[in-house]
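Trainee: Quick note on UniProt numbering: the sequence shown kicks off at 1 and runs consecutively. Positions of the beta carbon are idealized from the N, C-alpha and C atoms, including for glycine. Following this message is one structure expressed as structure tokens.
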Amino acid sequence: MAFLSTLTGIIGFGMGVPFGLLLGFYFFIYSKPKFVQEPITRRVSQLDNTALLNLLHDIPLWVKCPDYERVDWLNKIIADMWPYLNKAICASIRSMTEPMFAEYVGMFQIKTIAFENLSLGTIPPDIYGFKICETNENELVLEPEVRWAGNPNIVLVVKVLTFRITIQVVDMQILVAPRVTLKPLVPTIPCFANVSVSLLKRPEIDFGLNVLGGDLMSIPGVYHIIQRTIKMQIASLYLWPQSLEIPILDPSTVAINKPVGILHVKVVRAHKLLKMDFLGTSDPYEKLNLTGGSLPAKKTSTKKRNLNPVWNEKFKLVVKDPESQVLQLEVFDWDKVGTHDRLGMQFVPLKLLTANETKEFKLDLLKHTFIADPYDKKPRGNIVIELTYAPFREESIKVDGIGDVLSRKESSLDRPSENNSEVLSGAGLLSVTVQGAEDVEGLRHNNPYAVIRFRGDKKKTKKIKKTRHPLWNEEFQFMLEEPPLNDTIRIQVMSRRKGMPGETGYQSHRRGP
């Protein structure tokens with residue numbers, strides 16, 4: 001009986017295959033192709049409510065939201081660069097996935113895992129809207145909406161024992177709304193040090209997955225499981241506030257130097273200066289500043305008709321890098337009319353100083369920075385100065401409160417030696433950053449600037465013309481002789497119109513424990 005059943009199956013298979021081939025050949029030859037009709041297009045005004053609601057999801061953000069801008073020019077750039085971006089992105093994917101695949105080699109009898117084909121196709125992504133957000137931080141925030149319906153050719157080959165399993169990704173569609181933050185902004189090309197990418201909402205991802213030539217996504221239940229798993233994994237890694245940090249510049253090249261100490265300068269005297277006035281005298285004064293700083297130069301008083309002036313004046317300069325900064329000294333002759341003539345100049349590298357030790361320098365004045373100038377043989381006199389570098393240190397101070405103990409850190413100076421205790425005791429630095437203002441009052445006062453007053457010292461920002469929402473982002477520094485525990489910082493917003501200053505706002509902030 002079993003033999004008869006097997007024989008019948010063989011005969012049926014032998015007769016069915018030729019009959020099926022003949023039948024298929026007949027329909028292929030004699031069947032007529034059907035005419036494919038073009039889809040019916042209608043005006044939006046002719047659509048019903050259901051059709052309009054279905055279209056709302058596909059309307060670009062620049063139509064629905066006024067904050068988003070249309071960026072056809074950017075899409076054109078991406079389209080022209082897509083062949084090169086495709087290769088660069090694929091190369092990055094290969095380099096990132098190779099160590100991940102290597103971890104699974106040897107497990108579950110897996111011999112190799114590698115990409116046979118890896119290409120994102122010929123269709124570039126489109127940016128459907130672009131938004132730029134303004135913040136008070138030193139950063140630039142971009143929020144694009146990206147849609148991509150691509151034709152990628154991604155084939156992954158997994159070899160298990162003697163079997164070769166191919167996995168192919170086809171017909172990929174992605175809708176994602178990332179937040180791209182460029183921070184911090186620095187004065188070095190490309191002007192930002194890091195790129196931070198996070199997702200504002202869960203991405204929408206759809207694709208086909210062929211395994212051994214069969215569509216795995218067509219299996220009931222598998223499609224929804226894969227979709228949910230991918231969305232959860234991406235959301236757990238990059239959904240805001242989680243982010244992907246991409247370094248762009250080396251931190252050492254963009255490091256913003258913070259103050260590390262104070263240079264105490266005592267301008268003592270000068271000797272045998274040049275005669276620049278008609279009567280054979282000069283009216284000298286001295287300017288001093290540190291290289292690499294943005295603060296204005298300090299200036300001594302002017303000594304009238306004196307070629308051997310004695311000043312004995314003290315100044316404090318903020319030090320950011322004692323290994324590279326140089327103290328620049330210039331002596332000028334004051335003139336009532338015209339520019340002031342420079343009598344000479346000299347430099348002192350801070351690396352010659354020892355912390356908290358006063359050192360006296362007697363320097364011969366030069367014409368310019370070219371020390372070996374063979375034509376500069378004219379004696380220009382000399383100056384005497386005393387320099388002391390006092391570095392900051394972090395000191396913990398405990399303040400007893402009710403029920404607990406509070407701890408804080410304050411910037412102070414290293415303990416000076418006994419000889420310098422009078423000069424350096426209690427010295428410190430207070431930094432104030434004025435970022436901006438919003439809705440400045442006054443219809444006629446639209447050229448605002450800010451004035452900061454602290455302990456009798458006055459600082460002023462630059463004037464921003466024709467705005468009620470100025471952004472200054474300027475930093476000011478105040479020298480301290482003692483901690484500002486009970487002092488008040490006064491900030492006043494002013495405006496100048498046709499030479500007449502006007503007050504537009506006022507705010508004070510008290511510094512205390």
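#1: In the DSSP assignment, the beta strand (DSSP E) including residue 91 goes from what residue to what residue?
#2: In angstroms with no decimal places, state the Cα-to-Cα distance between residue 477 and residue 450.
#3: Rounded to whole angstroms, what is the Cα-Cα separation between residue 305 and residue 274?
#4: Rounded to whole angstroms, what's the CA-CA distance from residue 322 to residue 430? Just pull it up for me.
#5: Once you ignore the five residues that flank residue 93 on each side, which residues in its own chain have a CB closer than 7 Å to its CB?
#6: Could you name the residues that DSSP lists as bridge partners for residue 168?
#7: Across the region 258-276 and the region 305-316, are there enough close Cβ pairs to call them in contact, namely three or more that are closer than 8 Å?
#8: For residue 190, tell me which candidate among 250, 440, 242 and 263 has the shortest Cα-Cα distance.
#9: Given this structure, state the Cα-to-Cα distance separating residue 19 from residue 222, to the nearest angstrom.
#10: In the DSSP assignment, find the unbroken beta strand (DSSP E) run with residue 223 in it and report its ends.
#11: Output the boundary residues of the beta strand (DSSP E) element that contains residue 480.
#12: Pick helix, strand or coil for residue 270, following the three-state DSSP scheme.
#13: Quick check: the Cα distance between residue 447 and residue 134, rounded to an integer number of angstroms?
#14: Relative to the C-alpha of residue 244, which candidate in 207, 290, 183 and 212 has its C-alpha closest?
#15: Restricting to Cα atoms, I'd like to know which of 486, 472, 495 and 155 is closest to residue 517.
#16: Give, in chain order, every unbroken run of the alpha helix (DSSP H) that is at least 4 residues long and sits entirely within the region 342-391.
#17: Just to confirm the assignment, what range does the beta strand (DSSP E) spanning residue 334 have?
#18: Please report how far the alpha carbon of residue 71 lies from the alpha carbon of residue 225, in whole angstroms.
#19: What residue from 144, 438, 261 and 485 has the CA that sits closest to residue 469's CA?
#20: List the whole-angstrom C-beta distance separating residue 353 from residue 387, where the pair is believed to meet the contact cut-off of C-beta under 8 Å.
#21: Tell me which same chain residues have a C-beta within less than 6 Å of the C-beta of residue 60, skipping the five on either side of it?
#22: So if DSSP puts residue 245 in a beta bridge, which residue, or which two residues, is it bridged to?
#23: Kindly indicate the opening and closing residues of the beta strand (DSSP E) around residue 178.
#24: CA-CA distance, residue 87 and residue 219?
#25: For residue 277, which beta-bridge partners are listed by DSSP?
#26: For residue 108, report the span of its beta strand (DSSP E) as first-last.
#27: With H, G and I counted as helix, E and B as strand and the rest as coil, what does DSSP make of residue 310?
#28: Spell out a yes or no on whether the region 355-367 and the region 232-243 are touching, meaning 3 or more CB-CB pairs, one atom from each, closer than 8 Å.
#29: Is it right to say residue 339 is buried, meaning 16 or more other beta carbons lie within 10 angstroms of its own, or is it exposed?
#30: Measure the beta-carbon distance from residue 392 to residue 260 and round it to whole angstroms, keeping in mind my assumption that it falls under 8 Å.
#31: Which residues in the same chain as residue 248 place their Cβ atom closer than 8 Å to its Cβ, once the five residues preceding and following it in sequence are excluded?
#32: Measure the alpha-carbon distance for residue 400 versus residue 485 and round it to whole angstroms.
#33: Using a Cβ-Cβ cutoff of less than 6 Å, which residues in the same chain neighbour residue 181 once the five nearest sequence positions on both sides are dropped?
#34: Using the Cα positions of residue 155 and residue 97, report the straight-line distance between them to the nearest angstrom.
#35: Compare the Cα-Cα distances from residue 389 to each of 335, 379, 357 and 101 and report the closest residue.
#36: Return the Cβ separation of residue 157 and residue 114 in integer angstroms, given the expectation that the two are a contact with Cβ distance under 8 Å.
Mentor: Reading off the structure:
#1: On the sequence shown, position 91 is the one that residue 91 refers to. First-last for residue 91: 72-104, but that is the alpha helix (DSSP H), not the beta strand (DSSP E).
#2: For the purposes of this step, residue 477 is identified with residue 477 of the sequence shown, where counting begins at 1. For the purposes of this step, residue 450 is identified with residue 450 of the sequence shown, where counting begins at 1. Roughly 15 Å separates the two Cα atoms.
#3: Position 305 of the sequence shown, counted from the start, is the residue given in the question as residue 305. Position 274 of the sequence shown, counted from the start, is the residue given in the question as residue 274. Cα to Cα, residue 305 sits roughly 11 Å from residue 274.
#4: Numbered from its first residue, the sequence shown carries residue 322 at position 322. Numbered from its first residue, the sequence shown carries residue 430 at position 430. Counting only the Cα atoms, residue 430 lies some 19 Å from residue 322.
#5: Counted from its first residue, the sequence shown places residue 93 at position 93. Same-chain partners within the cutoff: 118.
#6: Translated into positions along the sequence shown, residue 168 becomes position 168. DSSP lists 155 and 210 as partners of residue 168.
#7: Enough Cβ pairs lie closer than 8 Å, so yes.
#8: For the purposes of this step, residue 190 is identified with residue 190 of the sequence shown, where counting begins at 1. Ranked by how close their Cα comes to the Cα of residue 190, the residues 250, 440, 242 and 263 have 250 in first place.
#9: Here residue 19 refers to the residue found at position 19 of the sequence shown. Here residue 222 refers to the residue found at position 222 of the sequence shown. About 37 Å.
#10: Locating residue 223 in the sequence shown gives position 223, counting from the first residue. Run containing residue 223: none in the beta strand (DSSP E); it sits in the alpha helix (DSSP H), 222-238.
#11: Walking along the sequence shown from the start, residue 480 turns up at place 480. Start and end: 471-480.
#12: If you number the sequence shown from 1, residue 270 lands on position 270. Residue state, collapsed to three classes: strand.
#13: Working through the sequence shown from its first residue, we reach residue 447 at position 447. Working through the sequence shown from its first residue, we reach residue 134 at position 134. Distance between the alpha carbons of residue 447 and residue 134 is about 21 Å.
#14: Start at 1 with the first residue of the sequence shown, and residue 244 comes out as number 244. For the options 207, 290, 183 and 212, the alpha carbon positioned closest to that of residue 244 is the one of 183.
#15: Since the first residue shown for the chain is 1 and the last is 513, residue 517 is missing from the structure and cannot be characterised.
#16: With a minimum length of 4 residues, no continuous alpha helix (DSSP H) run stays inside the region 342-391.
#17: Taking the sequence shown and counting its residues from 1, the one referred to as residue 334 is at position 334. Counting along the chain, residue 334 sits inside no beta strand (DSSP E), nor does DSSP assign it H or E at all.
#18: One-based indexing of the sequence shown puts residue 71 at position 71. One-based indexing of the sequence shown puts residue 225 at position 225. If you take the alpha carbons of residue 71 and residue 225, they lie about 36 Å apart.
#19: As a first step, residue 469 must be located in the sequence shown, where it is residue number 469. Nearest of 144, 438, 261 and 485 to residue 469, Cα basis: 438.
#20: Position 353 of the sequence shown, counting from 1, holds the residue named residue 353. Position 387 of the sequence shown, counting from 1, holds the residue named residue 387. The pair is a contact, with the Cβ atoms about 6 Å apart (cut-off 8 Å).
#21: Locating residue 60 in the sequence shown gives position 60, counting from the first residue. Annotation for residue 60: 128 and 129 place their beta carbon closer than 6 Å to its own, counting only its chain and skipping 5 residues before and after.
#22: What you label residue 245 is simply residue 245 of the sequence shown in a count that begins at 1. Beta-bridge partners of residue 245 (DSSP): 196.
#23: In the sequence shown, counting from the first residue as 1, residue 178 sits at position 178. 178-185 is the extent of the beta strand (DSSP E) around residue 178.
#24: Position 87 of the sequence shown, counted from the first residue, corresponds to residue 87. Position 219 of the sequence shown, counted from the first residue, corresponds to residue 219. Just so you know, the alpha carbons of residue 87 and residue 219 end up roughly 33 Å apart.
#25: Counted from its first residue, the sequence shown places residue 277 at position 277. Answer is none; residue 277 lacks a bridge partner.
#26: By 1-based counting over the sequence shown, the position of residue 108 is 108. No beta strand (DSSP E) contains residue 108, which DSSP labels as neither H nor E.
#27: If you number the sequence shown from 1, residue 310 lands on position 310. Under the three-state reduction of DSSP output, residue 310 falls in the strand class.
#28: With a cut-off of 8 Å, the region 232-243 and the region 355-367 do not count as touching, because too few Cβ pairs lie within range.
#29: Your numbering for residue 339 matches position 339 in the sequence shown. Exposed: under 16 other Cβ atoms inside 10 Å.
#30: Taking the first residue of the sequence shown as position 1, residue 392 is located at position 392. Taking the first residue of the sequence shown as position 1, residue 260 is located at position 260. Right, the Cβ-Cβ distance comes to about 6 Å (below 8 Å), so this counts as a contact.
#31: Sequence index remark: in the sequence shown, residue 248 carries index 248 (1-based). Around residue 248: 190, 192, 193, 194 and 195.
#32: Stepping through the sequence shown from its first residue, residue 400 is reached at position 400. Stepping through the sequence shown from its first residue, residue 485 is reached at position 485. Note that residue 400 has pLDDT 39, beneath the 50 cutoff, so the model's placement of it is unreliable and the number below is only indicative. Distance between the alpha carbons of residue 400 and residue 485 is about 15 Å.
#33: Your numbering for residue 181 matches position 181 in the sequence shown. Once the five neighbours on either side are set aside, the close Cβ partners of residue 181 are 139, 141 and 196.
#34: Translated into positions along the sequence shown, residue 155 becomes position 155. Translated into positions along the sequence shown, residue 97 becomes position 97. Residue 155 and residue 97 have their C-alpha atoms spaced approximately 14 Å apart.
#35: Start at 1 with the first residue of the sequence shown, and residue 389 comes out as number 389. Proximity to residue 389 across 335, 379, 357 and 101 peaks at 357, based on C-alpha coordinates.
#36: Translated into positions along the sequence shown, residue 157 becomes position 157. Translated into positions along the sequence shown, residue 114 becomes position 114. With 8 Å as the limit, residue 157 and residue 114 qualify as a contact, their Cβ atoms being about 6 Å apart.
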